[in-house]
Amino acid sequence: MADNYLIEAKGICKHFKKVKAVDGVDFSMTKGEYVALLGPNGAGKTTLVEMIEGIRSPDKGEILVKGRSTRDDKQSLYRILGISFQETRFLEKTTVEETIRLFASFYHQPGGKVEKVISLTGLEEKRKSYTKNLSGGQRQRLALAISLLNDPEILILDEPTTGLDPAARREIWNILLSLKEKHNTSLILTTHYMEEATQLCERIIIMDHGKFLAEGTFDELLQKMNLHDTASFSFEGIVPDRLLSESNGLKIDWDIDKGEGRCEMKNVATDMPLLFSLFEKNNLRLTGFEHRRPTLDDLFLLMTGRRLTEETE
Amino acid sequence: MRRNELWQLILVHFRELLREPGVLFWGIGFPILMAWGLGIAFTGNKETRKDIAIINYAEGGTLSKYMAEHATKGKDKEGREMFVFTINDPVFGKNIFRLLPVDSITANTGVKRGIFELMIDNRHDSTVFHLDPANSEARLLQLQLATVLDSKHTDKTFSEIKTVPLEVKGTRYIDFLVPGLLAMNVMMACLWGMSWTIIERRKGNMLRRMVVTPVHRRNILMGLMTARITMNFVEALLLMVFAWIYFDTVIQGSIAALLLVFIAGNIAFTGIAILVSSRTANTEVGNGIINFVNMPMMILSGIFFSYHNFPDWSIPVIQALPLTMLADGMRSIINEGAGIIAVLDKTVILTLVGVVTFGLGLKWFKWY
Chain H
105 MADNYLIEAK
115 GICKHFKKVK
125 AVDGVDFSMT
135 KGEYVALLGP
145 NGAGKTTLVE
155 MIEGIRSPDK
165 GEILVKGRST
175 RDDKQSLYRI
185 LGISFQETRF
195 LEKTTVEETI
205 RLFASFYHQP
215 GGKVEKVISL
225 TGLEEKRKSY
235 TKNLSGGQRQ
245 RLALAISLLN
255 DPEILILDEP
265 TTGLDPAARR
275 EIWNILLSLK
285 EKHNTSLILT
295 THYMEEATQL
305 CERIIIMDHG
315 KFLAEGTFDE
325 LLQKMNLHDT
335 ASFSFEGIVP
345 DRLLSESNGL
355 KIDWDIDKGE
365 GRCEMKNVAT
375 DMPLLFSLFE
385 KNNLRLTGFE
395 HRRPTLDDLF
405 LLMTGRRLTE
415 ETE
Chain A
-5 MRRNELWQLI
5 LVHFRELLRE
15 PGVLFWGIGF
25 PILMAWGLGI
35 AFTGNKETRK
45 DIAIINYAEG
55 GTLSKYMAEH
65 ATKGKDKEGR
75 EMFVFTINDP
85 VFGKNIFRLL
95 PVDSITANTG
105 VKRGIFELMI
115 DNRHDSTVFH
125 LDPANSEARL
135 LQLQLATVLD
145 SKHTDKTFSE
155 IKTVPLEVKG
165 TRYIDFLVPG
175 LLAMNVMMAC
185 LWGMSWTIIE
195 RRKGNMLRRM
205 VVTPVHRRNI
215 LMGLMTARIT
225 MNFVEALLLM
235 VFAWIYFDTV
245 IQGSIAALLL
255 VFIAGNIAFT
265 GIAILVSSRT
275 ANTEVGNGII
285 NFVNMPMMIL
295 SGIFFSYHNF
305 PDWSIPVIQA
315 LPLTMLADGM
325 RSIINEGAGI
335 IAVLDKTVIL
345 TLVGVVTFGL
355 GLKWFKWY
């Protein structure tokens, strides 16, 4: 095994009755990497991370974390993992601080560590609150605080922001981004929010029906699928016939009747000025203009015919 | 449309119920089993048997003369001589009154253990009924027996009949009840308090969250057990103090022995609680399993009423139940003045029950 891999897994399969939850997946990550598993509900993301967490055993294949199988020696596995489940109901009438202190004792961490994770996750004002009185966002921050108690080398967060409002979501993102900057933590994040994946992770794995559909940085993924920026515009004026066939090397779809058009740009920096000069030269007056970057949702739609927000059937 | 709405609401609940086999078993199968079991135990034969202690039989009072004339002589299973009156009633079935001549220590111990509810003193010049006036069973028995005796005597056989409350410490019904309640509380607190907590935590992913740390799994359960046992101790202490102040109940035997058997009982029931809650994350199934363990002991172990009225064959089985052991052990210490040696066997067995059930529970325990 190559030493530079923090996690390495090959040909991982997991079946539940007749459902192939994870269907022959290869996964690896290196230190300091932030990896997103992006896919709709039911894609197999949770099953995959649960196998990495040692909670489930793969039917086929083996997962190595720092060269050791997740099947054995769970104690040392849990010393380096920081885990947050989709949902945990903490003891209801235990305060935030007491809950964190309980978990800190499992890692033999001193009280200073408790303070550190409380301030890191911004729970200072809630430290005396019972966990049952926390909002969804606060609850997730508590779960995150607990997962950070052991300064984990690998943080595994299963849909940490599902169901949260945008502000609460952004708070969690900020915590994760500062961790990356200051602690060189590695992260596996499952999500069905494309924005979350693009904001936080340099590597995105698109998952559906238990398989990896595509993998790479945001730009790489777009390039791989030949997805480009588009400019949509409306105009007044008469389009000369020659523009309809040859538009200065630009690929433009004209709708002359409506006075609209759409241009696909492989390189925005060069294509955008070309487009504007084309309008000027031909006396076309723009009445509306919109530039749109492609999203992972477009990508997913292209690959599966479904949107990310749709359930896997 | 309104009716359709109600119909749909009813329908979804039925579906939910019928699609959970555990709920189905514990909700329907278990009550039927209970009815069957209890029915067999209580209505199998229409025969009631009551044992009554006779003291000072040899003194030759009027009662002994009367019994020699009218009662059937027999031997009980320990070979002691006894006198039997059998009344066949078309409505109430067969009523058997067994009068056992015993010494006063045996009689008092029997009363403390619930074997006798009534004790008759066969004095030369009078016949004295001893019973706890607060015990309605005993009062009923006295009336029944008086009727039986009355129907048989033609001449003025009895010189004088008196009724006197029991005097010896530990013979009142409340004295019988307090140790039973202490034992029952241990069982209830463990099964409902611990098992329920475990099932809830499993359901809410809390157990799973705890075990994905380097925590020792055993300690998660040990922590829960220790907290429960401490609480049980405080509860028992308060109940004892209350019974002492309010009912004058005293601990006649060794406090060390009481502590020992109490701790052993706690070990047994915390172990059982772990085993009971080792698998399920469904509170309804949990409810059923807890009742399955809880109910038979509540009924059979002689908490409120003596188990000596159950058929002879069932007594050894009942005495082997953990709750019976704990209740009997504590009763013998509190009411009969027993010491450590007397409860050693129960202490050892209860501890073993706890260790074995804890071990099995831990082995089968479902953390996620």
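Keeping their order, the protein sequence lines are chains H and A. According to my numbering, the first sequence is numbered sequentially starting from 105. According to my numbering, the second sequence is numbered sequentially starting from -5. Glycine is no exception: its CB is placed at the ideal position from the N, C-alpha and C atoms. These figures come from a predicted structure and were not determined experimentally.
Presumed contact (8 Å Cβ cut-off) between Met329 (chain H) and Leu400 (chain H), rounded CB distance: Met329 (chain H) to Leu400 (chain H), Cβ: 10 Å. No contact.
Thr274 (chain A) at chain H interface by Cβ criterion, 9 Å: Answer no: the Cβ-Cβ gap between Thr274 (chain A) and chain H never drops below 9 Å.
Test: Thr277 (chain A) CB closer than 9 Å to a CB of chain H: no
Residues of the stretch 187 to 203 of chain H whose Cβ lies closer than 8 Å to any Cβ of chain A, in chain order: Ile187, Phe189, Glu191, Thr192, Arg193, Phe194, Leu195
Terminal residues of the beta strand (DSSP E) in which Asp83 (chain A) lies: Taken as a continuous stretch (DSSP letters only), the beta strand (DSSP E) holding Asp83 (chain A) covers 75 to 83.
Inter-residue CB distance, Gly198 (chain A) and Arg193 (chain H) (contact presumed, cutoff 8 Å): 3 Å
Proximity of Met363 (chain A) and Arg222 (chain A) at Cβ, strictly below 9 Å: Past the boundaries of the shown model lies residue 363 (chain A); chain A is included only from -5 to 362, so the question cannot be answered.
Closer than 9 Å to chain A by CB, Glu250 (chain H): The sequence given here has Ile at residue 250 (chain H), not Glu. It does: the Cβ of Ile250 (chain H) has a partner Cβ on chain A nearer than 9 Å.
Local Cβ density within 10 Å of Met76 (chain A), reported as buried at 16 or more and exposed below that: buried
Pair within 9 Å by beta-carbon distance, Tyr297 (chain H) and Arg273 (chain H): Contact: yes.
Three-way DSSP call (helix, strand, coil) for Glu417 (chain H) in this model: Bear in mind that a pLDDT of 49 at Glu417 (chain H), under 50, signals an unreliable position, so the number given afterwards is only what the model happens to contain. Of the three classes helix, strand and coil, the one that applies to Glu417 (chain H) here is coil, per DSSP.
Within the stretch 97 to 156 of chain A, ranges of the beta strand (DSSP E) (whole runs, at least 3 residues): 112 to 116, 121 to 125
Local Cβ density within 10 Å of Gly241 (chain H), reported as buried at 16 or more and exposed below that: buried
Chain-ordered residues of the stretch 144 to 173 of chain H with a beta carbon less than 7 Å from chain A: Glu157, Ile159
Cβ-based neighbour list, Leu57 (chain A), same chain, cut-off 6 Å, excluding 5 preceding and 5 following: The residues are Asn116, Thr121.
Three or more C-beta pairs below 8 Å linking the stretch 221 to 239 of chain A and the stretch 296 to 314 of chain A: no
Partners in chain A for Phe207 (chain H), counting only beta-carbon separations shorter than 7 Å: Thr207
Leu206 (chain H) versus Leu268 (chain H) - alpha carbon distance: Approximately 26 Å, taken between the alpha carbons.
Amino acids of chain D, ordered along the chain, whose beta-carbon sits closer than 7 Å to that of Arg133 (chain A): The chain inventory of the structure shown lacks chain D, comprising the protein chains H and A.
Between the CA atoms of Thr391 (chain H) and Glu340 (chain H) - distance to the nearest angstrom: 7 Å
Same chain, Cβ closer than 6 Å to Ser98 (chain A), neighbours up to 5 away in sequence not counted: Ile49
Nearest to Lys315 (chain H) (by Cα), restricted to the options H:Cys117, H:Leu325, H:Lys170, H:Asn108: H:Cys117
Alpha helix (DSSP H) runs contained entirely in the stretch 233 to 280 of chain H, provided each spans 4 or more residues: 240 to 251
Any 3 or more C-beta pairs closer than 8 Å across the stretch 158 to 166 of chain H and the stretch 223 to 233 of chain H: With a cut-off of 8 Å, the stretch 223 to 233 of chain H and the stretch 158 to 166 of chain H do not count as touching, because too few Cβ pairs lie within range.
Burial state of Asp339 (chain A), where buried means 16 or more other Cβ atoms lie within 10 Å: exposed
Candidates A:Gly333, A:Ile4, A:Leu344: closest to Leu317 (chain A) by CA position: A:Leu344
Pro316 (chain A) (DSSP reduced to helix, strand or coil): helix
Chain-ordered neighbours of Phe380 (chain H) on chain A, where CB pairs are closer than 8 Å: Chain A residues near Phe380 (chain H): none, gap ~56 Å exceeds 8 Å.
The stretch 232 to 243 of chain A in contact with the stretch 162 to 181 of chain A per 3-pair CB rule at 8 Å: yes
Any 3 or more C-beta pairs closer than 8 Å across the stretch 321 to 333 of chain A and the stretch 245 to 259 of chain A: yes
Closest residue to Asn288 (chain H) among H:Asp262, H:Leu252, H:Ala271 (Cα-Cα distance): H:Leu252
Three-state class that DSSP yields for Cys184 (chain A) in the structure shown: helix
Near-chain H residues of the stretch 218 to 246 of chain A (beta-carbon distance less than 7 Å), N- to C-terminal order: Along the stretch 218 to 246 of chain A, none of the residues has a CB nearer than 7 Å to a CB of chain H.
Asn288 (chain A) versus A:Gly16, A:Phe24, A:Lys156, residue with shortest Cα-Cα distance: Of A:Gly16, A:Phe24, A:Lys156, the residue nearest in Cα terms is A:Phe24.
Asn89 (chain A) - DSSP class collapsed to helix/strand/coil: strand
His124 (chain A) classed as buried or exposed, judged by whether at least 16 other C-beta atoms fall within 10 angstroms: buried
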